[in-house]
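Going by this note's numbering, the final residue of the sequence shown carries number 830, and the count climbs one at a time with no gaps. Ideal Cβ placement from N, Cα and C applies to all residues, glycine included. Have a look at the structure below, then the notes.
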Amino acid sequence: MNKKTNRFLCIHGHFYQPPRENPWTGTIHLQKSAYPFHDWNERITRECYGPNTRSRLHGENGFIKKLKNNYEQISFNFGPTLLTWLEKNNPWIYSQIIEADKKSCNTFGGHGNAIAQVYNHIIMPLASEKDKITQVKWGLADFSHRFGREAEGMWLAETAVNRDTLKVMASEGVRFTILSPFQAHMVKSISHNKSEWLDVSGGRVDCTHPYRYFLPEDRSLYIDIFFYNGPLSKAIAYEKLLGSGEIFLRKIMEAYPSETNTPALVSMATDGESYGHHFKFGEMALTWVLDTVKHQGDISITNYGEFLEMCPPEKEVMIIENSAWSCAHGVERWRSNCGCSISQHPGWTQSWRAPLREGLDWLNMRLSKIFERETKGLLKDTVKTRNDYITVLMTPDEKEKNRFLRKHSAGSLTKEQKNLVFRLLESQKYSLYMFTSCGWFFDDISGIEAIQVLMYAKKAIELCGPFSDEGLEKGLMDYLNKAISNDQRYENGLEVYNKKILPLKYDMVSLCANYSLLCVVDQDHRLKWVKNIVKPHNVKMGMTGENKLFFAETGDPEALDAGYKICSISIITPENELKCISGKTSRDDQKHMEEMIDRVLSGKEQVLGIDAFSKYLSDSETLTFNDMMPDIKSEIMDILLRRLENQFFSTVCERPQEMYNYIRYLASQDENIPDYLTNAIQSITNGLIVKLFKYSGDAPINYNEIEYLLSLFISEPDDEESNPVNRIVFDPVTLLQQYRILQSIECFLTGQILSIRDNNINLCLINILKTVEFIHKYNIYPDLWQFQNLFYDLSTDIGFIKKMDHDTLSLFRQVERLLGFTGGNQYA
């Protein structure tokens, strides 16, 4: 901290995405609206969470001076469920977030930038006391597990707050939280007992220092509160302030008091996604401001924990009960028809919010009663057990489960009793997940956010099914029947539930069928998570006449414990028609079925279709392509399209020059070329270019061949007076912008840089140089973020640079400059 100034700056990012996993598969299914990414988590990671780990700091000449990890200089919180996803799906970005907090502890006097968050972003004032406590305990435990230290602060979902929420946080040792200035009601001096309360409602609170909130019933219990700068935060989130780093910094400077005889903090708090996702390159504006402030020296960057240690509160505050940062009506947005919405649809209302809230509240109470009743005598303390279940969620292995049971069980438990305890604890987890705030925030109960919370409700009901005759699902449906949808496709929430939720429920019979259908098409598919769920064994595959057959049996422990097995048989015809039957089978029936399959595959017996196996299965399902999960369908389509493409290329591309000559001649004669032929030639050229970028060898990539292919797109005139001057058969740039080619360029460049230490460095550099020149020539935009990151790492590796000879270093600097880096020793 710069002690020579009284002006301090803290920028907070609330990084959060709702849990999007399907509770029956544990994975996020394909979300087409996130294209070209698989889902919104992937897309926002690429646009925001990743770029903030390696943000580009540009110099005056427009070249990149440095790559900076913004998390090292800003206060931040990440939703625990989002961090769980990041750790699994992008461990490098996850590690950079964790490492940034460690570095910030050294920078800011032992106070890390990261703060905790209530676990799965529920609206705390609307939760029961028990759920409030669990949310805080789980959030704090998850934080310490990941960051290796205790959290000082905690972020409240939507900054929704009331006295009971603050009491729970203070009781659990949370030192501070962050609220909107419009949530402050009255303030007064702490040291002067007789001082009067000053009304600061309407956002009039002085946000440049923290306040202390004392619990009315016990003033020894308190929590400190920072109120962020409202106008600045609003400008970041909604007024495109991130479009200019210079304007951003000027607005920060203007926010300080004219007289700063005592330390004054300007702090902003917004969704972290503002920096890159909501506003493209917003992370770079943030980087520029942080770097400029650091070097100017008249403002000191800090975080809330450090500033609180230096400037403890001198005033106490009363808050506006049941208030939140994103709704003028407080928490009403999450339980009533308050009028707030995302988009303005004439005639739409939010009357569906109340019955959805009431229905899930009703369900939550009954799930809680079932948990307490069924585990009575099995657990020492059901409340403590539930609160400690976070340890299993963080480390879901058998060792941790056994440790957990030794700690909390009232005595020795049978295998069935252990399964019961964990089944009901999972139900309790989903009873919390179903209150994730996004379910009510948007415009209709048919939206993907409301569908997500209803999926969790359905899963919680299912887990409690064996222990309940209370009509849990029917009770919830009664409430959903009252939740009138604005979408004309659905009458109410009940219809949404039946049409959108129930089809997303996948039991093991259905999952086994999906796995079998995928494998009968191609066992070398990319969806390894399906195999991990199904745990197949005793697999059989072969031909039966012209059809291909695949048989699989699951290793589902629940089925084995119940005395049956789950099997599926799929067939694919030469016409690529798919059909599968899947169901439960007894040990005897399974034996007879396997014998029949062996006879069929050996040619000793013929079957006309999979229906021949139905006599061995109970509770069976018959599936075709249209019945499959979205990800399975997408993968099968990709496999079949690749096969078709390979067959097409093997037939046509043996002599592509002849075809190009015909096209070129027709174009030169000013003849119209049929669309189907134009499309075919584009597809062929696309494939040939992609194939060239898959090159690996001891000579540079042949760009002459690529240039030649592209030149064939343009039919040039015989002389200057010809008309037209240049007749374009089709635009080469349009072709090069196709996602498949851009992706092949990205993979090629990344592969070259990853192998540069082990391979011929000059060859790699020449390939990189020619590829980047090619990109610039045709003005195309592959995603070079990861490639630039890797190149920057090489640029800043002094040992690697020193090993280069003069010619290699010259080539390296040439590539460096072409990639937009300042180069040389400017990174120090």
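DSSP bridge partner residues for PRO538 (one or two, in chain order): THR556
Could you give the first and the last residue of the continuous beta strand (DSSP E) run that contains HIS279? Unbroken run through HIS279: none, as it is neither H nor E.
Taking the C-alpha atoms as reference points, what is the distance between PRO259 and ILE249? 18 angstroms
Could you tell me the boundaries of the beta strand (DSSP E) in which TYR215 lies? 213-217
Cβ-based burial, ILE344 [other Cβ within 10 Å; buried from 16]: exposed
Exposure of ASN500, with buried meaning 16 or more beta-carbon neighbours within 10 Å: exposed
Member of ARG337, ALA266, VAL333, HIS279 whose CA lies at the smallest distance from the CA of THR304: ALA266
I need the straight-line Cα distance from ILE703 to PRO348, nearest angstrom please. 58 angstroms
Assign ILE758 to one of three DSSP states: helix, strand, or coil. coil
Assign ASP633 to buried or exposed, taking buried as 16 or more other Cβ atoms, counted over all protein chains shown, within 10 Å of its Cβ. buried
Can you look up MET630 in the DSSP assignment and give me helix, strand or coil? coil
Within the same chain, show all residues whose beta-carbon is closer than 6 angstroms to that of LYS105, passing over the 5 residues directly before and after it, in chain order. GLU74
Fully enclosed by the segment 136-183, which beta strand (DSSP E) runs are 3 residues long or longer? 178-181
Residues of its chain near THR264, where Cβ-Cβ distance is below 7 angstroms and the 5 sequence neighbours each way are ignored: ASN8
Beta-carbon proximity list for ILE301, same chain, < 6 angstroms, skipping 5 on both sides: ARG9, LEU11, VAL295
With a threshold of 6 angstroms on Cβ separation, who are the neighbours of ALA36 within its own chain once the five nearest residues in sequence on each side are excluded? TRP42, ARG45
Neighbour-count burial assignment, ASP399, 16 or more Cβ in a 10 Å radius: exposed
Assign LYS550 to one of three DSSP states: helix, strand, or coil. strand
Simplified DSSP assignment, three categories, for ARG355: helix
Count the other CB atoms within 10 Å of the CB of PRO21; is the residue buried (16 or more) or exposed (fewer)? buried
Whose C-beta lies closer than 6 angstroms to the C-beta of CYS342 among residues of the same chain, with five residues either side of it excluded? CYS329, ARG335
Would you decide whether LYS139 is buried or exposed? Buried here means 16 or more other CB atoms lie within 10 Å of its CB. buried
Apart from the five residues on each side of it in sequence, which residues of its chain come closer than 6 angstroms, Cβ to Cβ, to ASN389? THR136, LYS139
Would a C-beta distance cut-off of 8 angstroms place TRP199 and ILE180 closer than the cut-off? no
Selected residue, minimal CA-CA separation from LEU694, among GLY15, ARG206, ASN681, GLU709: GLU709
Where the beta strand (DSSP E) through MET595 begins and ends: Run containing MET595: none in the beta strand (DSSP E); it sits in the alpha helix (DSSP H), 589-603.
Just to confirm before moving on: does the CB-CB distance between GLY245 and CYS50 stay below 8 angstroms? no
Which whole-angstrom value is the C-beta distance of ASP591 and TYR618, which I expect to be below 8 angstroms? 4 angstroms
Who are the near neighbours of THR83 in its chain, counting only those whose CB is closer than 7 angstroms to its CB and skipping five residues on each side? PRO21, ASN122
What are the start and end residues of the beta strand (DSSP E) that includes VAL319? 317-321
Compute the Euclidean distance between the alpha carbons of ASN516 and ARG165, then round it to the nearest angstrom. 50 angstroms
Under a Cβ-count criterion, where at least 16 other Cβ atoms within 10 Å of its own Cβ denotes burial, should GLU818 be classed as buried or exposed? buried
Just the C-alpha distance for LYS90 and THR29, rounded to the nearest angstrom, thanks. 11 angstroms
When the Cα of LYS382 is compared with those of ARG368, LEU365, ARG408, LEU395, which residue comes out closest? ARG408
Which residues in the same chain have their Cβ closer than 6 angstroms to the Cβ of GLN816, if we skip the five residues on either side of it in sequence? none
Given that a residue counts as buried once 16 or more other Cβ atoms are within 10 Å of its Cβ, and exposed if not, what is TYR794? buried
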